[in-house]
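*Asks:* Quick one: structure below, then a few questions.
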Amino acid sequence: MGSASIKKNTVYNIIKTASTILFPIITFPYISRVLQPDNIGKINFGNSIVGYISLLATLGVTTYAIRECSKVKNDREELGKLSGEILSINLFTTVIAYLVLAVLLLLYGKLRDYRLLIMIQSMSVLFATLGADWLNTAMEDFKYITIRTVAFQVLSVILMFIFVREPNDYINYAVITVLSSSGGNIMNMVYRRKYCKTKFTLKCNFKKHLPPILGLFAMLLAQQIFTMCDTTIIGLTLGDYQVGLYSAAIKIYNVINQIACSIFVVTLPQLSIAFAQNHSEDYKRILNYFLDFSVIVCLPCVIGMFTLSQEIIILAGGSGYLDAEGCLKILSVTLIAGSASNCTFNANLLASGKDKICLLICVTASVVNLVSNIIFIPLFGIEAAACTTLASQILITIISIPFIKKDAFSAKSFVSLAQSSVACLGLLFVIICVKAIVKNELLRLLCSAAIGGCVYFALLIAQKNRFIMQMLNNIRAKIKAINKREE
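For the sequence shown, position 207 (counting from the first letter as 1) is numbered 200 according to this note's numbering, and the numbering increases by one without interruption.
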């Protein structure tokens, strides 16, 4: 469980995350202009409904499976038995989820116009269950995950430009989106045999699996309410156009937030192993690596999103989405709160198996978020939804802090936070200068990112930031190794 493994997997996951950022950057400006806010609103409203069904289908399986399978990944027979039982439980819950969806589509009149769209989007739920991608993550096979993800994203981009040409093509867009997200899961049904034989079984150890799965399900239900209720309430109270505006801001926010969150996927299996084996020093080392990465990535993203919100929206969706600018500014600040909750809640409490505490925190934050959305969205619009998201992330962090071990994070991580803050001042100065000189929105955004990014990392190097210096040392070592082989 060495540093090299984490760093290599981090690189693969960054590549995968970068691709999930690059392809939306390519496609979203095109899709948002072709489909227009109303149809973008329909797509995202449908996704919000499918999100609840997906939650019921997956239950708490994904996090539980990654955590438990990573502990027995070196025992092929035990891994096969465990993964088969988890997959079987997941299939049962998926059938129940589809029955609930059928009842909703038949009885709830508001969803009548969305039936075909939701049925198409819901196919991703079935493929996610059959694919059992949690096994790849537990085995830390991030190379395969990255290659597979990039390949299907390239395919989806090609299909979008061919089959999405006018506003009524939003159904085609939904089909292509399902293919993009589910193609890899179809491949998994064959690929996972390299690890073990995962077979359906009726002989599941429900007594062992169900309590933690249901506990995680309750926590994920609270998280889903937290992340999806704003879009649902906007759709029910303000209409498709406002959903389209809010979805544009959320799309940009989520794309950038994925970078900071990508490190959690890499570190969860090894954090779980370190905690289970009582390797406290390994646990602290991985945890602080997580914190350093989050700080260095998050802070410049916040500065960039807040100061260049107008340019980002024009590039991403066009001037028709400029009413979402205020919402995006609020969400940019949410990146800080989100990274803080990610470090305290996900990387610490969740990875260490403190499920009951995690459940309590999630339920509290989600109830506050839901009630706030119901009260304030009809009064203040999409900006209220962004504010409640920010407030809830702050609440999660505040409640989590008392349950964290006092020596979990080292003082050096807070030095990294100070160094990154200083470097962000240089980034901010560059952006202000570029905005004063460059008039074209696209050129302004590109210059700010390129010049500001160079200044930011140069200042981190000048301060000898430990994370950046480690990365540079690793690169130098690999270059020397290559040169020696060539000699």
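Just so you know, even glycine gets a beta-carbon here, dropped at the ideal spot from N, CA and C.
#1: Do Phe38 and Gly228 have their C-beta atoms within less than 9 Å of each other?
#2: Buried or exposed, going by whether 16 or more other CB atoms sit within 10 Å of the CB of Met462?
#3: Take the Cβ of Tyr246 as the centre, count every other Cβ of all protein chains shown within 10 Å, and call the residue buried at 16 or more, exposed below.
#4: Looking only at its chain, what residues have a beta carbon closer than 8 Å to the beta carbon of Val27, apart from the 5 residues adjacent to it on each side?
#5: What three-state label does DSSP hand Leu195 in the structure shown?
#6: Could you work out which residue in Lys244, Val295, Ala242, Thr56 is closest to Leu418 when comparing CA atoms only?
#7: Have a look at Ala411 and Ala333 and give me their C-alpha separation to the nearest angstrom.
#8: Report yes or no: do the segment 109 to 124 and the segment 32 to 47 share at least 3 C-beta pairs separated by less than 8 Å?
#9: Around the Cβ of Ser320, are there at least 16 other Cβ atoms within 10 angstroms (buried) or fewer (exposed)?
#10: Going by beta carbon distance, what residues of the same chain come within less than 6 Å of Ala(-3), once the five residues before and after it are set aside?
#11: Could you check the C-alpha separation between Val147 and Asn129 for me, to the nearest Å?
#12: For Leu52, which of helix, strand or coil comes out of DSSP?
#13: Within 10 angstroms of its Cβ, does Phe154 collect 16 or more other Cβ (buried), or is it exposed?
#14: What does the Cβ neighbour count give for Cys447, buried or exposed, with the cut at 16 atoms within 10 Å?
#15: What does a CB cutoff of less than 8 Å around Thr390 pick up in its chain, not counting 5 residues either side in sequence?
#16: Please report how far the alpha carbon of Ile430 lies from the alpha carbon of Asp275, in whole angstroms.
#17: On the premise that Ser47 lies in contact with Thr194, defined as a C-beta separation below 8 Å, what is that separation, rounded to the nearest angstrom?
#18: Classify Tyr488: buried if its beta carbon has 16 or more other beta carbons within 10 angstroms, exposed otherwise.
#19: CB Lys349 to CB Gly124, shorter than 9 Å?
#20: Which residue's Cα is closest to the Cα of Ile394: Val361, Phe450, Ile249, Cys351?
#21: Assign Ile151 to buried or exposed, taking buried as 16 or more other Cβ atoms, counted over all protein chains shown, within 10 Å of its Cβ.
#22: Can you tell me the Cα-Cα spacing of Ala211 and Ala121, whole angstroms?
#23: Since I believe Ile323 is in contact with Glu376 (beta carbons under 8 Å), could you give me their beta-carbon distance rounded to a whole number of angstroms?
#24: What would DSSP say about Val147, mapped onto helix, strand or coil?
#25: Exposed or buried, Gly(-5), counting other C-beta atoms within 10 Å across all chains shown (16 or more means buried)?
#26: Helix, strand or coil, according to DSSP, for Cys189 in the structure here?
#27: Measure the Cβ-Cβ separation of Arg459 and Asp233 and say whether it is below 9 Å.
#28: Would DSSP call Glu159 helix, strand or coil?
#29: I want to know whether the segment 58 to 67 touches the segment 93 to 103 - three or more CB-CB distances under 8 Å.
#30: Do Gly237 and Asp106 have their C-beta atoms closer together than 9 Å?
#31: Measure the Cβ-Cβ separation of Val427 and Arg437 and say whether it is below 9 Å.
#32: From the DSSP output, in three-state form, read off Met116 for me.
#33: Judging by CA-CA distance, which residue of Ser325, Ile289, Leu292 is the nearest neighbour of Gln540?
#34: Would you mind sorting Lys244 into buried or exposed? The rule is 16 or more other CB atoms within 10 Å of its CB.
#35: From this set, Ser115, Ile164, Lys471, Lys473, which residue's C-alpha is nearest Ile41's C-alpha?
#36: Please specify which runs of the alpha helix (DSSP H), each continuous and at least 4 residues long, are wholly inside the segment 384 to 460, giving them in chain order.
*Replies:* Here's the rundown:
#1: Yes. Within cutoff.
#2: Exposed, by the Cβ-count rule.
#3: Its Cβ being crowded by 16 or more others within 10 Å, Tyr246 is buried.
#4: Apart from the 5 residues on each side of it in sequence, Val27 sits with its Cβ closer than 8 Å to the Cβ of Val157, Arg158, Glu159, Pro160, Asp162 in its chain, given in chain order.
#5: Collapsing the DSSP output to three states places Leu195 in coil.
#6: Of the listed residues, the one whose Cα sits closest to Leu418 is Val295.
#7: Roughly 15 Å separates the two Cα atoms.
#8: As far as the Cβ criterion goes, the segment 109 to 124 touches the segment 32 to 47, which means the pair count is three or higher.
#9: The sequence given here places Cys at residue 320; Ser does not occur at that position. Classification for Cys320: buried.
#10: The pLDDT assigned to Ala(-3) is 48, lower than 50, so where the model puts this residue is not dependable; a value taken from the coordinates is nonetheless given after this. Once the five neighbours on either side are set aside, Ala(-3) has no close Cβ partner at all.
#11: Between Val147 and Asn129, the C-alpha separation is close to 21 Å.
#12: Residue state, collapsed to three classes: coil.
#13: That one is exposed.
#14: Looking at its Cβ environment, which holds fewer than 16 other Cβ atoms inside 10 Å, Cys447 is exposed.
#15: Closer than 8 Å at the Cβ level, and outside the excluded window around Thr390, lie Ala330, Ala333, Ser334, Thr337, Phe338.
#16: Across the structure, Ile430 and Asp275 are spaced so that their CA atoms are roughly 49 Å apart.
#17: Wrong, their Cβ atoms sit about 24 Å apart, outside the cutoff.
#18: With the chain covering only -6 through 480, there is no way to say anything about residue 488.
#19: Between Lys349 and Gly124, the C-beta gap is not smaller than 9 Å, which leaves the two residues out of contact.
#20: Nearest C-alpha to Ile394: Cys351.
#21: Counting other Cβ atoms within 10 Å of its Cβ, Ile151 stays below 16 and is therefore classed as exposed.
#22: The alpha-carbon of Ala211 is positioned some 20 Å away from that of Ala121.
#23: Indeed, because the Cβ distance is near 6 Å, the residues count as touching under 8 Å.
#24: In this structure, Val147 counts as helix in the three-state DSSP scheme.
#25: Low confidence applies here, because Gly(-5) scores a pLDDT of 46, under 50, leaving its location unreliable; read the following figure in that light. Taking all protein chains shown into account, Gly(-5) has fewer than 16 neighbouring C-beta atoms within 10 Å of its C-beta and is therefore exposed.
#26: Residue state, collapsed to three classes: coil.
#27: No.
#28: DSSP places Glu159 in coil when its eight states are reduced to three.
#29: Contact between the segment 58 to 67 and the segment 93 to 103 is absent: fewer than three C-beta pairs spanning the two stretches fall below 8 Å.
#30: No, the Cβ-Cβ distance between Gly237 and Asp106 is not below 9 Å.
#31: Cβ distance < 9 Å, so Val427 and Arg437 count as in contact.
#32: Under the three-state reduction of DSSP output, Met116 falls in the helix class.
#33: The shown model of the chain, from -6 to 480, leaves out residue 540, and the question about it has no answer.
#34: When all chains shown are included, Lys244 counts as buried.
#35: According to the sequence provided, residue 41 is Ser. The question's Ile does not apply to it. Residue Ser115 holds the alpha-carbon nearest to the alpha-carbon of Ser41 among Ser115, Ile164, Lys471, Lys473.
#36: For the segment 384 to 460, whole alpha helix (DSSP H) runs of length 4 or above, ordered along the chain, are 404 to 430, 434 to 455.
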